[in-house]
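Comments concern the structure below.
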Amino acid sequence: MNDKAVEPVTWETFAQGLWKENPVFVMMLGLCPALAVTNTAMNALAMGLATTFVLICSGFLVSLLRKVIPKQVRIASYIIIIATFVTMADYGIKAISLDLYQALGAFIQLIVVNCIILGRAEAYASKNTPLKAIVNGTGMGVGFTLALLCLGVVREVLGSGSLFGVMIMPERFQPWSIFVLPPGGFFVLAAWLMVFSYVRKRKTLAEAA
Amino acid sequence: MTDSTPPAVPAPASGVRLIVTLGGIAVFSGILLAMTYEFTKPYIARNESEALEAAVFDVLPGAVSRVNYRLDEQGLQQLDDDNVDQANLYAGIDGEGERVGFALPGEARGYADVIRVLYGYDHETRQIIGLKVLSSNETPGLGDRIIRDEDFQENFKSLDASLTHDIVTVKSGEKENPWEIDGISGATVSSVAIGKALRESTRTWLPKLSQALEEGP
Numbered sequence: 028m029n030d031k032a033v034e035p036v037t038w039e040t041f042a043q044g045l046w047k048e049n050p051v052f053v054m055m056l057g058l059c060p061a062l063a064v065t066n067t068a069m070n071a072l073a074m075g076l077a078t079t080f081v082l083i084c085s086g087f088l089v090s091l092l093r094k095v096i097p098k099q100v101r102i103a104s105y106i107i108i109i110a111t112f113v114t115m116a117d118y119g120i121k122a123i124s125l126d127l128y129q130a131l132g133a134f135i136q137l138i139v140v141n142c143i144i145l146g147r148a149e150a151y152a153s154k155n156t157p158l159k160a161i162v163n164g165t166g167m168g169v170g171f172t173l174a175l176l177c178l179g180v181v182r183e184v185l186g187s188g189s190l191f192g193v194m195i196m197p198e199r200f201q202p203w204s205i206f207v208l209p210p211g212g213f214f215v216l217a218a219w220l221m222v223f224s225y226v227r228k229r230k231t232l233a234e235a236a
Numbered sequence: 551m552t553d554s555t556p557p558a559v560p561a562p563a564s565g566v567r568l569i570v571t572l573g574g575i576a577v578f579s580g581i582l583l584a585m586t587y588e589f590t591k592p593y594i595a596r597n598e599s600e601a602l603e604a605a606v607f608d609v610l611p612g613a614v615s616r617v618n619y620r621l622d623e624q625g626l627q628q629l630d631d632d633n634v635d636q637a638n639l640y641a642g643i644d645g646e647g648e649r650v651g652f653a654l655p656g657e658a659r660g661y662a663d664v665i666r667v668l669y670g671y672d673h674e675t676r677q678i679i680g681l682k683v684l685s686s687n688e689t690p691g692l693g694d695r696i697i698r699d700e701d702f703q704e705n706f707k708s709l710d711a712s713l714t715h716d717i718v719t720v721k722s723g724e725k726e727n728p729w730e731i732d733g734i735s736g737a738t739v740s741s742v743a744i745g746k747a748l749r750e751s752t753r754t755w756l757p758k759l760s761q762a763l764e765e766g767p
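In the order they appear, the protein sequences are chains A and B.
According to this note's numbering, the residues represented by the first sequence are 28 to 236, in order.
According to this note's numbering, the residues represented by the second sequence are 551 to 767, in order.
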């Protein structure tokens with residue numbers, strides 16, 4: 028494996044995941060948790076942070092072991108490493124709050140098969156230094172968390188009239204329950220994708236002009 | 551992230567090396583997980599016991615402490631906090647040391663998944679005096695009103711559980727008898743499921759409980 032270790036850590040290493048390669052809005056990865064557990068802002072935040080934790084830790088370890096792990100068993104090794112950190116996150120959330128744990132349900136365990144994480148391990152961490160893997164993983168994690176929050180905030184405000192559990196809409200507001208149900212996830216995701224591709228198009232046009 | 555130079559082909563790794571690598575990673579995982587488990591165990595146990603406590607106090611108004619019991623063929627046995635997972639019945643004690651009532655679990659299939667409830671039962675008046683939905687997966691905005699709807703919760707402040715009649719959920723606004731639960735329109739399946747959970751649980755447990763209370767201390 029050719030190592031790109033010579034390249035220094037730049038802002039780009041971090042910011043890649045925020046905008047240019049945002050996991051949800053650009054790469055369309057990890058849509059299962061993005062649709063399933065974004066019915067409240069709190070769930071979205073917890074899910075995002077748990078994924079970020081796994082991304083950073085697994086990225087670091089994969090990168091550290093990149094010269095030790097033989098190519099033939101790399102996927103198996105990555106899965107063990109990822110599953111370990113997911114289980115740790117699982118215990119952690121259970122220790123922090125049972126209510127949160129119940130709200131997130133099976134989706135915490137399902138981080139194991141989140142393609143963002145395995146994708147990062149295979150495409151980035153296994154070819155870069157631990158420091159770069161951590162910085163990049165953090166960027167991706169923050170990008171994922173922000174994307175989930177974009178969905179969660181809109182869905183909670185429209186669907187329940189509250190934000191992080193605090194009522195913010197006037198008393199007379201009739202919640203649009205559809206937004207906290209699965210179809211609402213699709214509507215809100217589509218709306219955000221529309222916004223993002225519009226902004227990107229404007230930017231490209233401006234650069235071309 | 552495109553690379554113009556093709557990666558050098560590494561020499562094939564030996565079988566032993568594959569096993570050692572995978573084994574090493576697995577051992578490391580095991581150690582890490584065992585440490586996390588040990589570290590989080592007391593916090594998780596405390597959270598679970600707090601959640602249970604809160605639920606027991608919720609369904610037994612006035613209770614300030616709880617006693618765990620197990621009710622089975624041998625009658626009613628008191629359990630200490632270490633064996634709390636074997637308990638299937640809890641008594642709530644108020645500030646003066648008087649027993650407010652018992653908290654019992656019940657469950658029935660709702661619209662989406664099994665609904666688990668805990669209800670408070672006052673043996674003196676043979677009434678259900680409180681109900682809390684422990685876990686449910688009902689439709690938000692419709693079925694999940696069984697959790698918070700105030701009019702629905704009003705049903706469980708004094709619901710006849712003397713077993714002369716079965717507890718049953720009736721249509722919204724049609725409650726006439728003390729053993730009937732006034733349902734929620736728009737959450738019919740969910741409120742009927744609550745009725746079923748209470749009916750089945752009271753029928754199974756209450757006769758055993760009163761027998762045990764007559765025999766026991």
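All residues carry an ideal CB built from backbone N, CA and C; glycine is no exception.
Quick caveat: nothing in here was measured; it's all calculated off a predicted structure.
Per-residue burial, residue i [other beta carbons within 10 Å of its own, 16 or more giving buried]
{"i": "L688/B", "result": "In the sequence on display, residue 688/B carries Glu and not Leu. Flag for E688/B reads buried."}
{"i": "N163/A", "result": "buried"}
{"i": "M551/B", "result": "Confidence at M551/B is low in this model, with a pLDDT of 48, below 50, so the placement of that residue is unreliable and no value is reported for it."}
{"i": "P690/B", "result": "buried"}
{"i": "F702/B", "result": "buried"}
{"i": "V222/A", "result": "exposed"}
{"i": "M585/B", "result": "exposed"}
{"i": "F213/A", "result": "exposed"}
{"i": "D30/A", "result": "At D30/A the pLDDT is 49, less than 50, meaning the model places this residue with poor confidence and gives no usable figure here."}
{"i": "E724/B", "result": "exposed"}
{"i": "E730/B", "result": "buried"}
{"i": "L769/B", "result": "With chain B running from 551 to 767 in the structure shown, residue 769/B is simply not present."}
{"i": "Y105/A", "result": "buried"}
Residue i versus the options, residue with shortest Cα-Cα distance
{"i": "E657/B", "options": "L759/B, S740/B, G573/B, P728/B", "result": "S740/B"}
{"i": "M115/A", "options": "N141/A, A217/A, F80/A", "result": "F80/A"}
{"i": "G166/A", "options": "P60/A, T78/A, V95/A, V226/A", "result": "T78/A"}
{"i": "F200/A", "options": "K47/A, S189/A, Y128/A", "result": "S189/A"}
{"i": "R596/B", "options": "A711/B, D632/B, A563/B, L621/B", "result": "D632/B"}
{"i": "G574/B", "options": "T40/A, L76/A, M196/A, I107/A", "result": "I107/A"}
{"i": "L127/A", "options": "G146/A, L76/A, L91/A", "result": "L76/A"}
{"i": "R147/A", "options": "S124/A, L216/A, L131/A, G168/A", "result": "G168/A"}
{"i": "R695/B", "options": "S187/A, S224/A, R229/A", "result": "S187/A"}
{"i": "F41/A", "options": "T156/A, G211/A, Q99/A, A160/A", "result": "A160/A"}
{"i": "A637/B", "options": "R616/B, R649/B, I643/B", "result": "R616/B"}
{"i": "E700/B", "options": "G680/B, L684/B, H715/B", "result": "G680/B"}
{"i": "I205/A", "options": "I102/A, A218/A, E183/A", "result": "E183/A"}
Beta-carbon proximity check, residue i vs residue j, cutoff 7 Å
{"i": "G745/B", "j": "T719/B", "result": "yes"}
{"i": "V113/A", "j": "I143/A", "result": "no"}
{"i": "G645/B", "j": "V614/B", "result": "yes"}
{"i": "V64/A", "j": "F171/A", "result": "no"}
{"i": "L610/B", "j": "G647/B", "result": "no"}
{"i": "R749/B", "j": "I717/B", "result": "yes"}
{"i": "I594/B", "j": "K98/A", "result": "no"}
{"i": "R649/B", "j": "A662/B", "result": "no"}
For residue i, the residue or residues it bridges with in DSSP
{"i": "R649/B", "result": "I643/B"}
{"i": "A796/B", "result": "Outside the shown range of chain B, which is 551 to 767, sits residue 796/B, and nothing can be said about it."}
{"i": "A658/B", "result": "I665/B"}
{"i": "L681/B", "result": "Y669/B"}
{"i": "G625/B", "result": "D622/B"}
{"i": "T719/B", "result": "I731/B"}
{"i": "L190/A", "result": "V193/A"}
{"i": "D710/B", "result": "Q677/B"}
Cutoff 7 Å: residue i Cβ touching any chain E Cβ
{"i": "Q99/A", "result": "You won't find chain E in this structure, because its protein chains are A and B."}
**Asked** Can we say the segment 622-639 of chain B touches the segment 144-152 of chain A, given the rule of at least three CB pairs closer than 8 Å?
**Response** No, the segment 622-639 of chain B is not in contact with the segment 144-152 of chain A.
**Asked** Is there contact here, the segment 84-101 of chain A with the segment 62-69 of chain A, by at least three beta-carbon pairs under 8 Å?
**Response** no
**Prompt:** Do the segment 664-674 of chain B and the segment 40-56 of chain A meet, that is, are 3 or more Cβ pairs less than 8 Å apart?
**Reply:** no
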